[in-house]
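**Q** Input: one structure, supplied below.
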Amino acid sequence: MKKIAFLLIFVVAGLFLASCDKIEEGEYVKEGSAIWYGRKIVIFDFTGHKCGNCPKGHKAINALEEKFGEAVVPIAVHCTYYGNTNPNASPHTTDTSFNYDFRCEEGIFLGGGDADGGYLDLDAVPAGLINTFEPALLNASTNGWATDFAKYYSTYPEFSFDVTASFADSTITADIKMTSEVVVSRKLSLVAYVIEDGIVGWQFDYESNPQEIGNYVHNHVLRTSFNGVFGEEVKTDNAQLSAGDVIEKSYSKAVKSDWDIANCKVVAFVYDTDTKEILQAEVVEVAE
Amino acid sequence: MKRFLFLLVAFLSAIQLFAQKDGKNENKFNVSGNFQSDLQYYFEDQKIGAVAVDERLLSNSYANFMISYGKFSAGVRFEGYYNTLLGFPNSGGKNDGFGVPSYWANFTNDKLEVTVGHFYEQFGNGLTLRSYEEKSLGIDNAILGARVKYTIVPGVNIKGLVGKQRYYWELSDGILRGVDGEIQFNEMIKSLNESQFRFGIGGSFVSKYQKEDNPIYNLPNNVATGAGRINIGYSDFNLISEYAYKINDPSADNNYIYRPGQAFLINATYSQKGLGVILSTKWVDNMSLRSDRNATLSDLTVSYLPEITRNYTYVLQAFYPYASQPMGEWGVKGEFFYKFKKGTKLGGKYGTTITLNYSRVHNIKKTAINDSTPIGTTGTYGYNTSLFAIGKELYYQDINVEISKKWSKKWYTNIAYMNLYYNYNVLMGTAGHDNVKANIAVVEATYKITDKYALKGEVQAMFTKQDKGNWILGQLEFTMPNWFFTVFDNWNYGNPDKSARVHYFNVGFGYVKGGNRIQLTYGKQREGVMCVGGVCRHVPASNGFALSISSTF
Amino acid sequence: MKKIVFAMLLAFVVSAVAYSQEVPQVQLKNLKGKVVNSQEIIENDGKPVMVCFFATWCKPCIKELTAFSEAYEDWADETGVKIIAVSIDDARSTNSVGPFVNARGWDFDVYLDANGDFKRAMNVNNVPHSFLLDGKGNVAWQHTSYLEGDEAETFEMIKKVAAGESLKDEKKEKEEE
Numbered sequence: 001m002k003k004i005a006f007l008l009i010f011v012v013a014g015l016f017l018a019s020c021d022k023i024e025e026g027e028y029v030k031e032g033s034a035i036w037y038g039r040k041i042v043i044f045d046f047t048g049h050k051c052g053n054c055p056k057g058h059k060a061i062n063a064l065e066e067k068f069g070e071a072v073v074p075i076a077v078h079c080t081y082y083g084n085t086n087p088n089a090s091p092h093t094t095d096t097s098f099n100y101d102f103r104c105e106e107g108i109f110l111g112g113g114d115a116d117g118g119y120l121d122l123d124a125v126p127a128g129l130i131n132t133f134e135p136a137l138l139n140a141s142t143n144g145w146a147t148d149f150a151k152y153y154s155t156y157p158e159f160s161f162d163v164t165a166s167f168a169d170s171t172i173t174a175d176i177k178m179t180s181e182v183v184v185s186r187k188l189s190l191v192a193y194v195i196e197d198g199i200v201g202w203q204f205d206y207e208s209n210p211q212e213i214g215n216y217v218h219n220h221v222l223r224t225s226f227n228g229v230f231g232e233e234v235k236t237d238n239a240q241l242s243a244g245d246v247i248e249k250s251y252s253k254a255v256k257s258d259w260d261i262a263n264c265k266v267v268a269f270v271y272d273t274d275t276k277e278i279l280q281a282e283v284v285e286v287a288e
Numbered sequence: 001m002k003r004f005l006f007l008l009v010a011f012l013s014a015i016q017l018f019a020q021k022d023g024k025n026e027n028k029f030n031v032s033g034n035f036q037s038d039l040q041y042y043f044e045d046q047k048i049g050a051v052a053v054d055e056r057l058l059s060n061s062y063a064n065f066m067i068s069y070g071k072f073s074a075g076v077r078f079e080g081y082y083n084t085l086l087g088f089p090n091s092g093g094k095n096d097g098f099g100v101p102s103y104w105a106n107f108t109n110d111k112l113e114v115t116v117g118h119f120y121e122q123f124g125n126g127l128t129l130r131s132y133e134e135k136s137l138g139i140d141n142a143i144l145g146a147r148v149k150y151t152i153v154p155g156v157n158i159k160g161l162v163g164k165q166r167y168y169w170e171l172s173d174g175i176l177r178g179v180d181g182e183i184q185f186n187e188m189i190k191s192l193n194e195s196q197f198r199f200g201i202g203g204s205f206v207s208k209y210q211k212e213d214n215p216i217y218n219l220p221n222n223v224a225t226g227a228g229r230i231n232i233g234y235s236d237f238n239l240i241s242e243y244a245y246k247i248n249d250p251s252a253d254n255n256y257i258y259r260p261g262q263a264f265l266i267n268a269t270y271s272q273k274g275l276g277v278i279l280s281t282k283w284v285d286n287m288s289l290r291s292d293r294n295a296t297l298s299d300l301t302v303s304y305l306p307e308i309t310r311n312y313t314y315v316l317q318a319f320y321p322y323a324s325q326p327m328g329e330w331g332v333k334g335e336f337f338y339k340f341k342k343g344t345k346l347g348g349k350y351g352t353t354i355t356l357n358y359s360r361v362h363n364i365k366k367t368a369i370n371d372s373t374p375i376g377t378t379g380t381y382g383y384n385t386s387l388f389a390i391g392k393e394l395y396y397q398d399i400n401v402e403i404s405k406k407w408s409k410k411w412y413t414n415i416a417y418m419n420l421y422y423n424y425n426v427l428m429g430t431a432g433h434d435n436v437k438a439n440i441a442v443v444e445a446t447y448k449i450t451d452k453y454a455l456k457g458e459v460q461a462m463f464t465k466q467d468k469g470n471w472i473l474g475q476l477e478f479t480m481p482n483w484f485f486t487v488f489d490n491w492n493y494g495n496p497d498k499s500a501r502v503h504y505f506n507v508g509f510g511y512v513k514g515g516n517r518i519q520l521t522y523g524k525q526r527e528g529v530m531c532v533g534g535v536c537r538h539v540p541a542s543n544g545f546a547l548s549i550s551s552t553f
Numbered sequence: 001m002k003k004i005v006f007a008m009l010l011a012f013v014v015s016a017v018a019y020s021q022e023v024p025q026v027q028l029k030n031l032k033g034k035v036v037n038s039q040e041i042i043e044n045d046g047k048p049v050m051v052c053f054f055a056t057w058c059k060p061c062i063k064e065l066t067a068f069s070e071a072y073e074d075w076a077d078e079t080g081v082k083i084i085a086v087s088i089d090d091a092r093s094t095n096s097v098g099p100f101v102n103a104r105g106w107d108f109d110v111y112l113d114a115n116g117d118f119k120r121a122m123n124v125n126n127v128p129h130s131f132l133l134d135g136k137g138n139v140a141w142q143h144t145s146y147l148e149g150d151e152a153e154t155f156e157m158i159k160k161v162a163a164g165e166s167l168k169d170e171k172k173e174k175e176e177e
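First to last, the protein sequences are chains P, E and G.
Each residue of the first sequence is one higher than the one before, starting from 1 at the first, in this note's numbering.
Each residue of the second sequence is one higher than the one before, starting from 1 at the first, in this note's numbering.
Each residue of the third sequence is one higher than the one before, starting from 1 at the first, in this note's numbering.
If you want it as structure tokens, here you go:
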């Protein structure tokens, strides 16, 4: 009996020892990638310039962009207490630092303001919503964003976009043409935002030295929405849309004085009004 | 849920049949359980930063029921959160609701123990695996699965388990498999039974399976961690040590780096009647393991890294609590207990107990893997370090003296003094905050009016130039059979911001009878941090009534 | 359907079981690292046993056990009671329990319940929590928290249990009167 017991232990221990996967140095990064059918994926990066962990989120997005290029459509939503400007700063700051407000009305509505509230009622950032508006899918682990991203990457897009954005008389105009690629019987909402790249400003970063960075480059910063935070319902019933059917919309919005139009882009995406899953997205530069 | 109830009824019926067949009086059914409910009614109080709670009233409750018959037992737990009290882990409402989060059945005899359902387990000191519940922090990472414990011969014990961890009302993505074995030679070998020299060894191995799911990095499906431990004793001297090693485990905790993790504990104690000495040291590097690589905060922890610092309970001594830093720390602790004997000059009529303790924790020395890669970069080896390479940054230091003395049948006092260094930025996860240096004094005196009526007074003061400045706390407690009445005020009189010099006033009473306890308090609670087992929870400021009922039956 | 199952369960429990708690079988460790069984440690030749759950960081627990310790010799002489102290200190302080207890000169048998297995099996919510077992190992009385002077009531109970009086029946009789 005892012998059998001992033997059993060794067998079990052996099995256990076999159950670990060592990854050799140089093999950390995956080679190649899954097949892509053209579905572009929206990443909401809820962030704040006074949040020391938020650059991790920016790095996670950079890594995705590096590998998957145009399939990645990031939107940096500055919000919460960490998006406050200097006078309300909790970490002590010098007088000129952290005085630029990256937030916009829509971002605060989505993520939450100083004392929480908003659609997601966030109290901590970074947090990400990958290709959805569903709050339950909020992912607080920036390292996990790529995993969420991969769930959508190789799926077939239900729509294709043709978006043009133009600028004249202090107004950006977006012309959006959305064509269904397959038969679709969902309720649909179309959203169009303005984002801006290359805004140089302050950022806390726990991993840098010093931790207060004065010339950090902020990309994909959400500036405004043409048609509300959750967009416009463009199909309100479950009737079938055949492949090739087209929905066209045109929006325009006045710009604000602190935007650099040369760095502004229009992001358009369509989502299922019920499941909140984003089905396709497009991002284009604003042509002057 | 339905299936579970069926199973339970089937199980109970089987036992009953068995019982009737058995027909002896020795075995009988036992039903027992416990219950606790905490309710709080919240008022908005902008001065202390207490936010308005939409529900006004929040509550956490649980009840356990256990039935046993001879060698068999089974249990079930109900939990209800309507809605979860502020400050408890909730992940955006995941914790709210009512349900049966755990159920189990168990068979135990002298050699064998088998459990199916939810169970808690700890291997060694918990470095490789600890599944536990800490109600005060809202932590419950029970494993749902099966566990076997077996005593091969006296002194030789093995355990094995498989399962998934509880994650609020759901289960973890990852699967855990673990074995643990321990040999105590003094028990195993008869001739050593009474030996002064004691010797034991143990080891554990835990493997986590979670499918690799990252499109950018090659992640391990299986992550293994193993540990060896030893205990040596001679007469009044004891030494225990444990070393744990974990292979590559890119996770949210370590920002997806691939270096292995390790942890090392040594604890030496000497004690005789009236004297106790403890010396410990600890080394931790990248040693957090969770059953989901992307889990954060207090979710789904598998490894447990005990703090080396003392667990303080006086309010102001616990103001700045230490929390283990799984990504790297080195610490030492010394503790000394001495009791001056009765009838000596310092001992007086009843004896005097003195406690001294000191601890110091540093970061560990990490070097970059090459010039172009910052330490801890995602998708790299991460950094280099070597065992006991101590860094320059001080995380925590405390020196504490405590003297308790009974003067007469009527008087008892306890006084304590503590000096603290607290690395606020590292331990609270902030930046740009001044590190806190504080001195804390506590005087507690109890006067027994009669045998059954007593009055306790407590004054605590904390002096610091950093953070929120000085605090003073005064407390009075009156106790009589079954009843207690308490009132205290915690005053932030030294806050550099004059408008924030708030009184946190509390008043409450309670009734205790047998295994039942009920307590009602009204007051303000400051914003703070509570830590147990390397896990801290942020307790938001609150103002309101709190009712707590608990019962064991 | 669920309701029916629940009702069955309830009926079953009520009909089949007379309420009484005994000590379940759980593994603990003694201060020398030996694995012991909870049912072994409560052996006391048919005399009462007090099982006291405590933690080194719990101030009321220390007060309670200090009070018990001062009275232990007298209590043991009079009733033969054995006091067992079960520490629920986790790995942070498990290894400190021995010196802590020894320095205070407590003469109890001390056991370690580092992961709370015994605590859970005995349905303890918070420490201090003490159980008084009769000679057969059944829970005759229990007590949670510690208020100054509680040791007097505790000793009353120990004496009654040692004398073989049933605490429950007495209560009933009182109610009937």
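All C-beta atoms, glycine included, are put in the ideal place defined by N, C-alpha and C.
A quick note: this is a predicted structure, and the numbers were derived from the prediction, not measured.
1. Would you mind sorting G/Glu53 into buried or exposed? The rule is 16 or more other CB atoms within 10 Å of its CB.
2. Just to confirm my understanding: we take P/Cys104, look at its own chain, exclude 5 residues before and 5 after, and list those with CB closer than 7 Å. What are they?
3. Is it true that the segment 81 to 88 of chain G meets the segment 101 to 121 of chain G, where meeting means three or more beta-carbon pairs spaced less than 8 Å apart?
4. Just to make sure I have the definition right: I need the residues of chain P whose C-beta is within less than 7 Å of the C-beta of E/Asp467. Which are they?
5. What residues of chain G sit near E/Lys149, judged by a beta carbon separation below 9 Å?
6. DSSP on P/Ala254, reduced to helix/strand/coil?
7. DSSP state of E/Phe559, grouped into three classes?
8. Is there a Cβ of chain E sitting closer than 8 Å to that of G/Gly164, yes or no?
9. What does the Cβ neighbour count give for E/Gly351, buried or exposed, with the cut at 16 atoms within 10 Å?
10. Using the beta-carbon of each residue, which ones in chain P are nearer than 9 Å to E/Ala454?
11. Decide if G/Lys82 is buried, meaning its Cβ has at least 16 other Cβ atoms within 10 Å, or exposed.
12. Looking only at C-alpha atoms, which of E/Lys498, E/Pro326 and E/Ile375 sits nearest to E/Leu427?
13. Where do the N-terminal and C-terminal ends of the alpha helix (DSSP H) with E/Gln466 fall, by residue?
14. Can you tell me whether G/Pro24 is buried or exposed? The criterion is at least 16 other CB atoms within 10 Å of its CB, across all chains shown.
15. Do you know offhand how far E/Asn506's Cα is from E/Ser91's?
16. Run the CB neighbour count on P/Ile35, radius 10 Å, all protein chains shown included, and call it buried at 16 or more, exposed below.
17. So, does the segment 59 to 66 of chain P touch the segment 113 to 124 of chain P, judging by three or more C-beta pairs under 8 Å?
18. Quick check on P/Lys265: does DSSP put it in helix, strand or coil?
19. With respect to 7 Å, is the separation between the Cβ of E/Glu133 and the closest non-hydrogen atom of the ligand FAD below this value?
20. 8 Å is my cut-off, CB to CB: does G/Leu112 come that close to chain E?
21. Three-state secondary structure (DSSP) at G/Val127?
22. Would you check if the distance between the CB atom of E/Ser582 and the CB atom of E/Ile308 is smaller than 8 Å?
23. Answer with buried or exposed for G/Ala114, where buried requires no fewer than 16 other C-beta atoms within 10 angstroms of its C-beta.
24. Residues of chain P with CB under 8 Å from E/Val284, in chain order?
25. Evaluate E/Asn25 with the Cβ neighbour count: other Cβ atoms within 10 Å of its Cβ, from every protein chain shown; 16 or more gives buried, anything less gives exposed.
26. Should P/Glu25 be flagged as near chain E, meaning a C-beta pair shorter than 8 Å?
27. Hey, how far is the Cα of P/Ala165 from the Cα of E/Ser207?
28. Leaving aside the five residues before and after P/Val284 along the sequence, list all residues of the same chain whose C-beta is less than 7 Å from its C-beta, in chain order.
29. Looking at C-alpha atoms only, which residue of G/Gln27, G/Val26 and G/Lys32 is the closest neighbour of E/Gln196?
30. Between E/Ala323 and E/Leu161, what straight-line distance do the alpha-carbon atoms span, to the nearest angstrom?
31. From the beta carbon of E/Gln418, is the nearest beta carbon of chain G less than 8 Å away?
32. Report buried or exposed for G/Ala152, applying the criterion of at least 16 other Cβ atoms within 10 angstroms of its Cβ.
33. By the criterion of Cβ-Cβ separation under 8 Å, what are the contact partners of E/Val223 in chain P?
34. Quick check on DSSP: helix, strand or coil for G/Cys52?
**A** Based on what the coordinates show:
1. Note that residue 53 of chain G is Phe in the sequence shown here, rather than Glu. G/Phe53 is buried by the Cβ-count criterion.
2. Cβ within range, chain order: Leu222, Arg223 and Thr224.
3. When C-beta atoms of the segment 81 to 88 of chain G are compared with those of the segment 101 to 121 of chain G, three or more pairs fall below 8 Å, so the two segments count as touching.
4. For E/Asp467, none of the residues of chain P pass the 7 Å Cβ criterion, the least Cβ distance being about 12 Å.
5. For the C-beta of E/Lys149, the chain G residues within less than 9 Å are, from N- to C-terminus, Gln27.
6. Three-state DSSP puts P/Ala254 in a strand.
7. Past the boundaries of the shown model lies residue 559 of chain E; chain E is included only from 1 to 553, so the question cannot be answered.
8. Using a Cβ-Cβ cut-off of 8 Å, G/Gly164 does not count as an interface residue toward chain E, since no Cβ of chain E sits closer than that to its own.
9. Within 10 angstroms of the beta-carbon of E/Gly351 lie 16 or more other beta-carbons, which makes it buried.
10. For E/Ala454, none of the residues of chain P pass the 9 Å Cβ criterion, the least Cβ distance being about 43 Å.
11. With a threshold of 16 other beta carbon atoms within 10 Å, G/Lys82 meets it and is buried.
12. Checked all of E/Lys498, E/Pro326 and E/Ile375; the closest Cα to E/Leu427 is E/Pro326.
13. Per DSSP, E/Gln466 belongs to no alpha helix (DSSP H) and is neither H nor E.
14. Answer is buried; the Cβ neighbour count reaches 16.
15. Here the alpha carbons of E/Ser91 and E/Asn506 stand approximately 30 Å from one another.
16. Counting every other CB atom within 10 Å of its CB across the protein chains shown gives P/Ile35 a total below 16, marking it as exposed.
17. Under the three-pair Cβ rule at 8 Å, the segment 59 to 66 of chain P does not count as touching the segment 113 to 124 of chain P.
18. Residue state, collapsed to three classes: strand.
19. Judged by which ligands are present, the structure shown has none, so any question about the ligand FAD falls away.
20. For G/Leu112, not one C-beta of chain E is nearer than 8 Å to its own C-beta.
21. The answer is coil: DSSP assigns G/Val127 none of H, G, I, E or B.
22. Past the boundaries of the shown model lies residue 582 of chain E; chain E is included only from 1 to 553, so the question cannot be answered.
23. The residue is buried, with at least 16 neighbouring Cβ atoms inside 10 Å.
24. Near E/Val284 there are no residues of chain P at all, since even the closest Cβ is about 19 Å away, more than 8 Å.
25. With a pLDDT of 38 at E/Asn25, under the threshold of 50, the modelled position of this residue cannot be trusted, and the question is left open.
26. With 8 Å as the cut-off, P/Glu25 counts as an interface residue toward chain E.
27. Rounded to whole angstroms, P/Ala165 to E/Ser207 spans 53 Å at the Cα level.
28. So the qualifying residues of the chain are Val163, Thr164, Ala165, Lys265 and Val266.
29. Measuring from the Cα of E/Gln196, the nearest candidate turns out to be G/Lys32.
30. The straight-line gap from Cα to Cα measures roughly 28 Å.
31. It should be noted that the sequence gives Met, not Gln, for residue 418 of chain E. Judged by the 8 Å Cβ criterion, E/Met418 is not in contact with chain G.
32. Flag for G/Ala152 reads exposed.
33. Going along chain P in sequence order, the residues near E/Val223 (Cβ under 8 Å) are Cys20 and Asp21.
34. In the three-state reduction of the DSSP assignment, G/Cys52 falls in the strand class, which pools E and B.
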